[in-house]
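If you're matching them up, the sequences are chains A and B in order. Its first residue numbered 729, the first sequence is counted upward by one per residue in the working numbering. Its first residue numbered 729, the second sequence is counted upward by one per residue in the working numbering. Quick notes on the structure that follows.
2 protein chains.
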Amino acid sequence: MSRRKFLQHSSRLAGGAYPAMMAMGLLQEAPAHPFHLPGDAKGEHIIILGAGLAGLTAAYELQKLGYRCTILEARERAGGRCWSVRKGSVTTETGQPTQKAAFEEGLYFNAGPSRIPHHHQITLQYCKELNVPLQVYNNVNESAYYFSEGKGPLSNKKIRVREVHNDVRGYLSELLAKAVDSHQVDAALTKEDAQKVVEYLRAEGGLDLDKLYKASARRGYVEAPGAGEKAGRIADPHTLSAIVSSGLLDPDFYNVAEYTYELQMTMFQAVGGMDMIAKAFEKKLTTLIQFNAAVTAIRNTEKGVQVNYKTPAGDKSLQGDYCICTIPLPVLSNIDHNFSSGVSRAIDYANYIKTGKIGLQFKRRFWEEDENIYGGITHTNNELTQLFYPSNDYLGKKGILIGYYNFNEKAKLVGDLSFAQRQQLALQKGRLIHPQYDQEFEQAFSVSWHKTQYNLGGWAVYSGEERQTLYKALLAPDKNVYFAGEHTTYLNSWMAGAFESARVAATAVHGRVSEQRLTYPR
Amino acid sequence: MSRRKFLQHSSRLAGGAYPAMMAMGLLQEAPAHPFHLPGDAKGEHIIILGAGLAGLTAAYELQKLGYRCTILEARERAGGRCWSVRKGSVTTETGQPTQKAAFEEGLYFNAGPSRIPHHHQITLQYCKELNVPLQVYNNVNESAYYFSEGKGPLSNKKIRVREVHNDVRGYLSELLAKAVDSHQVDAALTKEDAQKVVEYLRAEGGLDLDKLYKASARRGYVEAPGAGEKAGRIADPHTLSAIVSSGLLDPDFYNVAEYTYELQMTMFQAVGGMDMIAKAFEKKLTTLIQFNAAVTAIRNTEKGVQVNYKTPAGDKSLQGDYCICTIPLPVLSNIDHNFSSGVSRAIDYANYIKTGKIGLQFKRRFWEEDENIYGGITHTNNELTQLFYPSNDYLGKKGILIGYYNFNEKAKLVGDLSFAQRQQLALQKGRLIHPQYDQEFEQAFSVSWHKTQYNLGGWAVYSGEERQTLYKALLAPDKNVYFAGEHTTYLNSWMAGAFESARVAATAVHGRVSEQRLTYPR
């Protein structure tokens, strides 16, 4: 059997052959081929709560098997947090008037997920299966800035990431090279290997022949090299002391974001907005989704499950054999149910992150035209936290920046402001970095996820202890109700979490109905 | 005057206002707006030798001013080294039969430049001016491999870049944190700042609470995290000793490639092949280019310049007022001329790098499908040196890998092989990394630049001393002959060098003809 046939065959086995293949050295991880469960349904009715990615995926996979699926969705749109804000997008937040986006046609920003890690095969595979074109999300950009407000000698200056990265690498490599050279550290290395480490540090740090850091072209030029006599001129480095006392080694700026497994390049985004993924599912499921259907009660009954919901046309009720509930826990917590006390506790106590973003539309792409910044992230120690430059339509006319992307306390503070005040704050802090804001700003749209109706949180965050208690309670069905969504995975905040959880739930429901022993992914 | 008007105005001043703007803090470097020289030509005839990017750009800019330009190009195509190999591409190398590419329609690889740094504004600006669409060139990919052949305990294994990066960061951060903690190094820091450095090292290295490196998710998972109980499992780190003795800290693998200013993300490529840039220029200049015109002599005369050249229809001669010669120096060295001894010496002695690439077409994109590698570079210590994964058509059907990209001694060795032998070597060494080669390979096309007719080298490489001697001799005109091309810049190997040098030459010629004092860029 050829390797390719073997792969195709094994994908039909719902993953049973993957461990064998891994042992054969053919694969490092299981590939995410289209998902096929064996056997057919007999038209059992599955009620799916929420048309976010988890709900959409569960319905998509179950209807392939012959299940009758109904998705109840509280909003007028599908996608949940997988939401790109463009002209006409509407949001409702606690204590705020309804907000409608008036961005120029063709412009958007991803209010929810904006990045796909290259190893989230399940996400890439659904994009392929549903013909959603992808492009590189440029998460790493040495040309973006660190901006430390009100702290130390480098405060209130925009410092290119490359300057800090290379100065810090330089100084710390110099220190360690000295220490290894003078046998002040025990690296458990042979003398010869220690010498190689020192040579490596000289390259890593960009040190001179004497192993001293004296700046290098890596940190950029004051005058770029060019033709003729233009050899280029390099600026002096920042001192280590200035970098440290300006807080640029503080967690606000740690290099580690791009070291994180999920944020390592290569990263992707859907062309035209991440919600193209949700829309692609929706297109396959149009007849199954009931919009404007806000669930008010979920009850296990003797015959199966009953779900009550509100619609503009009045209160309604639906009977199903099984239910897959993908409603975010802070929302579910306000819905009547007869779940066990363990499940009920998980729903009421699981923690969700507070987080918010603002999209700022500008007349021109000054970050590209004036500052050579194409994609990537500027980091600050103020309320903005992160400023995202778009990874699409490079060299185009207008553009939308994500003017802040903040978390926890900062997100709470900003989320408590009115839409107008958030815009004011984003502009006031943003113009410290980009004075072009004054001339070029056109309009804004902000989202505070923990204030957003039908979300009330960014994503689930479990402590190690909570993984053993709250989290575990959600992994088994409560009678005929199954739980899915990123909150039932270790892939919190990622679309892959929604997809994986949907497959797990679909596998579990189908296994129960068809009386097969099925596990996903193996 | 608005900033925007100011910019537009200043661009007409050929850059004279940029230093003032930089002082105003508006710009860090001069922006590359369309290039305009003041005044008009009176139809003087400029002979341009070579339809590479430098020659094309010089003609493009000079004809805007009213000059009569003739470009003599030895080949049947424009673009020079800016060449994407696709179906029908032909190459002639010393001692080899003519080679014709038979790649599948739509597939290509960039035999010459494949990357545009985000700060090469002149390149981006020409792409914008000529409507050449760009996409991200994904130069950084933590998922690619290091492959050390025949050296140490990690030899002949493909090690993900992320494993080496994070293990090395971990061990070296641990060592330095220890040294700083125990005051074994003098970092010229206050006690408080030293503490911050240690905290930073803990984050940088992914150290545990005791500041020890014990692997982390950054180096990837053996079992990926997922839904339910799938928390993910991390492998043990490689030991520092194993990494060192396997040569993974040797220059072959140094992390520094992506630290280099020119290779820092963001990087771009032209959609559909880098030669789309050359083709865009060519479209504007079709009537000016004489193809199949191989220059045999260049002579300053009393009236201007005379150029002799061979064509399929016989030997010809052309008179011009001035000449801009962009012919690569190793080729020019074989052409008759009456230049000064200084110029002649530069032409004969300037050093060009030996370098080569091979494009390998595969039936399927196994590096993506099986191994999660989307773009980026695998590094080896063997003849392959680098293996480039395509940064386009992700998740597509077929694809072309650059199976080796080597330099100097390795390029010489491989360049001396026949086309068939090169392919054999690329497959033999490549299958050590990707055993899928055996099943999936379809066809190859290799280019050895130092063996290629009308190039005879990769790009100019000057020592510090040569910059003061050989290089300088080429910066002034030899009577009415001006020199341009990357070899007359500090941007060797980059397309920006061709562009910058063409602007410098056009400025100099036009200044002389119009009796204006003009300098570029200021």
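C-beta atoms are modelled at their ideal positions from N, C-alpha and C, and glycine is treated no differently.
Work out the CA separation of residue j and residue i for me, nearest whole Å.
i, j, result
"B/Gln756", "A/Glu957", "With a pLDDT of 42 at B/Gln756, under the threshold of 50, the predicted position of this residue should be treated as unreliable, though the coordinate-derived value follows. Looking at the two C-alpha atoms, the distance is approximately 20 Å."
"A/Leu1046", "A/Thr1029", "12 Å"
"B/Val868", "B/Met993", "7 Å"
"B/His1107", "B/Glu986", "12 Å"
"A/Leu835", "B/Gly1070", "57 Å"
"B/Cys1271", "A/Thr1113", "This structure cannot speak to residue 1271 of chain B, because chain B is shown only from 729 to 1250."
"B/Asp1064", "B/Ile774", "19 Å"
"B/Asp1206", "B/Ser1068", "7 Å"
"B/Asp1244", "B/Tyr795", "Strictly speaking, residue 1244 of chain B in this sequence is Gln, with Asp absent from that position. Near 16 Å, if we compare the C-alpha coordinates of B/Tyr795 and B/Gln1244."
"B/Leu858", "B/Thr1014", "15 Å"
"B/Leu793", "B/Leu1203", "23 Å"
"B/Ile850", "A/Pro1163", "24 Å"
"B/His669", "A/Glu990", "Coverage of chain B is limited to positions 729 through 1250, which leaves residue 669 of chain B absent and any answer about it impossible."
"A/Asp914", "B/Leu1160", "36 Å"
"A/Glu891", "A/Arg947", "4 Å"
"B/Arg805", "B/Tyr1133", "24 Å"
"B/Tyr1199", "B/Ala1074", "7 Å"
Let's see if you can read the secondary structure: which residues bound the alpha helix (DSSP H) around residue i?
i, result
"A/Phe1094", "1094 to 1097"
"B/Met1223", "1223 to 1242"
"A/Leu1060", "1057 to 1060"
"A/Leu835", "Unbroken run through A/Leu835: none, as it is neither H nor E."
"B/Phe1009", "1004 to 1012"
"B/Tyr949", "Premise fails: B/Tyr949 lies in the beta strand (DSSP E), 949 to 951, not in any alpha helix (DSSP H)."
For chain B, is any of its Cβ atoms less than 8 Å away from the one on residue i?
i, result
"A/Gln992", "yes"
"A/Ala963", "no"
"A/Ala907", "yes"
"A/Asn1109", "no"
"A/Gly1196", "For clarity, residue 1196 of chain A is Gln in the given sequence; the question names Gly instead. Closer than 8 Å: no."
"A/Asn1036", "no"
"A/Gln997", "no"
"A/Tyr928", "yes"
"A/Gly960", "yes"
Note down, in chain order, each residue of its chain lying with its Cβ closer than 6 Å to the Cβ of residue i, except the 5 sequence neighbours on either side.
i, result
"B/Tyr1122", "Tyr1102"
"B/Gly898", "Gly933, Gly934, Tyr941"
"B/Ala1230", "Ala782, Thr785, Ala786, Ala1212"
"B/Asn1220", "Trp1187, Ala1188, Glu1214"
Does residue i have its Cβ less than 8 Å from a Cβ in chain A?
i, result
"B/His847", "yes"
"B/Lys939", "no"
"B/Val1237", "no"
"B/Ile1136", "Here residue 1136 of chain B turns out to be Asn, not Ile, going by the sequence shown. Answer no: the Cβ-Cβ gap between B/Asn1136 and chain A never drops below 8 Å."
"B/Lys1125", "no"
"B/Arg946", "yes"
"B/Pro979", "yes"
"B/Gln912", "yes"
"B/Gln1103", "Just to set this straight, residue 1103 of chain B is Gly in the shown sequence, not Gln. Yes, B/Gly1103 counts as interfacial toward chain A."
"B/Thr785", "no"
"B/Asn1254", "Any answer about residue 1254 of chain B is impossible in this case: the structure gives chain B only from 729 up to 1250."
To which residues of the same chain is residue i closer than 7 Å at the C-beta, ignoring the five residues directly before and after it?
i, result
"B/Arg1092", "Lys1125, Lys1126, Glu1168"
"B/Glu801", "Gly778, Ala779, Ile1017, Gln1018, Phe1019, Ala1021"
"A/Thr1217", "Gly1225, Glu1228, Ser1229"
What are the boundary residues of the beta strand (DSSP E) that includes residue i?
i, result
"A/Ile1105", "1105 to 1108"
"A/Leu1115", "1114 to 1116"
"B/Thr1039", "1033 to 1039"
"B/Gly1070", "Counting along the chain, B/Gly1070 falls outside any beta strand (DSSP E), though it belongs to the alpha helix (DSSP H) covering 1069 to 1077."
"B/Leu777", "773 to 777"
Taking 8 Å as the limit between beta carbons, can you name the residues of its chain near residue i, skipping five residues before and five after?
i, result
"A/Thr826", "Val818, Thr819, Thr820"
"A/Thr1024", "Asn1036, Tyr1037, Lys1038, Asp1043, Ile1063, Asp1064"
"A/Glu789", "Phe763, Leu765, Ala1230, Arg1231, Ala1234"
Exercise for review: Kindly confirm or deny that the region 796 to 813 of chain B and the region 1188 to 1200 of chain B touch, where touching means at least three C-beta pairs closer than 8 Å.
Suggested key: no
Practice item. Report yes or no: do the region 1077 to 1090 of chain A and the region 1168 to 1180 of chain A share at least 3 C-beta pairs separated by less than 8 Å? Key: yes
Review point. Do the region 872 to 884 of chain A and the region 1005 to 1015 of chain A meet, that is, are 3 or more Cβ pairs less than 8 Å apart?
Key: no
**Study point:** Cβ pair count under 8 Å reaching 3, the region 883 to 896 of chain A against the region 1129 to 1145 of chain A
**Key:** no
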